[in-house]
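Residue numbers are given in full-length UniProt numbering: position 22 of the sequence shown equals residue 22, and the series is strictly consecutive. Every residue, glycine too, gets a C-beta built ideally from N, C-alpha and C. Only one structure is covered here, and it is reproduced in the block below.
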Amino acid sequence: MAHKVVEEIVENNSWRDGEFAKFKKIAISTDESLWCRMCIPMIYAHWEGFVVSSLKALISHLNTLELHPENIPTKLVVVGLGESYKTLSGKQSFDQRIDFTEKFKLLYKNSIKFNSKINTRSNLKSDVLKELCEMFGFNHRAFSDKMSDIDRLVSIRNSIAHGENSIVPDMANVIKYIDSVNAAMDILVKEIDLFLVNEEFLLKEIA
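Below, the structure written as structure tokens:
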């Protein structure tokens with residue numbers, strides 16, 4: 001039985017299957033090369049949209065648990081501090097260091113609240129996905145077999161967005177990218193389910 005958050009993720013994103021099915025079918029009157037070029041940005045949009053909406057659902061659930069920093073892994077404390085680290089970049093003034101320390105002290109006094117903003121840098125390639133996985137302790141290696149196709153999808157999408165015409169995907173490419181994205185989505189759902197069911201958001205007591 002999947003965790004209720006995972007059931008919510010699957011239900012809220014079920015419409016994407018219908019969209020993908022449409023992308024795999026080309027009308028007889030439609031120019032195939034044009035159709036495939038149009039599909040690429042849409043496939044990428046579904047990939048990024050799914051990852052963002054899934055992680056937002058996870059974060060929303062974590063925020064309802066009123067987790068305390070002392071009871072969660074350090075990586076999640078770092079996620080909770082979020083944008084606060086920006087004040088430490090470059091040469092910091094004494095006031096900036098005070099500001100960061102105050103936020104850090106406040107964080108440890110209260111239950112932690114995670115920012116629901118998911119930064120994909122609008123380029124959700126393997127390096128960005130790895131960073132997102134590391135934030136929650138997901139196994140990013142589970143995606144390895146699919147990320148070469150997705151990285152290629154992102155590259156073609158960027159080329160199309162920048163007006164380049166040299167790359168012309170065909171229906172075989174469209175189907176391959178959809179299948180890889182679907183597989184990566186399933187892996188993410190599984191990782192989120194394991195994270196919640198095994199309560200990986202809590203520190204484990206040492207026997």
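Relative to the C-alpha of lysine 109, which candidate in Phe138, Glu11 and Asn71 has its C-alpha closest? Asn71
I think arginine 157 touches isoleucine 40, with their Cβ atoms under 8 Å apart; what is that distance to the nearest whole Å? 5 Å
Tell me, please, whether the stretch 16-36 touches the stretch 62-76 by the rule of three or more beta-carbon pairs shorter than 8 Å. no
Give a yes or no on whether the C-beta atoms belonging to alanine 142 and glutamate 191 are separated by under 8 Å. In contact: alanine 142 and glutamate 191 (Cβ atoms closer than 8 Å).
Find the nearest neighbour of serine 111 within the set Lys125, Met185, Trp47 and Leu81, judged by alpha-carbon distance. Leu81
Endpoints, alpha helix (DSSP H) assigned at proline 41: Where proline 41 is concerned, the enclosing alpha helix (DSSP H) stretches over 32-64.
Roughly how many whole angstroms lie between the Cα atoms of isoleucine 59 and leucine 203? 17 Å
Taking methionine 147 as the reference, give the member of Ser89, Ala183, Lys22 and His46 with the closest Cα. Ala183
Starting from lysine 103, follow the alpha helix (DSSP H) in both directions and report where the run begins and ends. 94-109
If you count every other CB in all the chains shown that lies within 10 Å of the CB of arginine 37, and 16 or more means buried, which is it? buried
With H, G and I counted as helix, E and B as strand and the rest as coil, what does DSSP make of residue 246? Residue 246 is absent from the structure shown; the chain starts at 1 and stops at 207.
Enclosing alpha helix (DSSP H) for alanine 161 [first to last residue]: 144-161
I need the straight-line Cα distance from leucine 196 to asparagine 165, nearest angstrom please. 44 Å
Residue from Met1, Gly49 and Glu32 whose Cα sits closest to the Cα of tryptophan 15: Gly49
Buried or exposed, going by whether 16 or more other CB atoms sit within 10 Å of the CB of phenylalanine 94? exposed
Are the Cβ atoms of serine 53 and leucine 188 separated by less than 8 Å? no
Can you look up arginine 121 in the DSSP assignment and give me helix, strand or coil? The answer is coil: DSSP assigns arginine 121 none of H, G, I, E or B.
Reference serine 144, options Tyr85, Ala2 and Leu129, closest by Cα: Leu129
Taking only the alpha-carbon atoms, compute the straight-line gap between serine 159 and arginine 121 and give it to the nearest angstrom. Taking the straight line from one Cα to the other gives about 16 Å.
So asparagine 79 and methionine 135 are supposed to be a Cβ contact under 8 Å. How far apart are they, rounded? The sequence shown places valine at residue 79, not asparagine. With a Cβ gap of about 5 Å, valine 79 and methionine 135 count as contacting.
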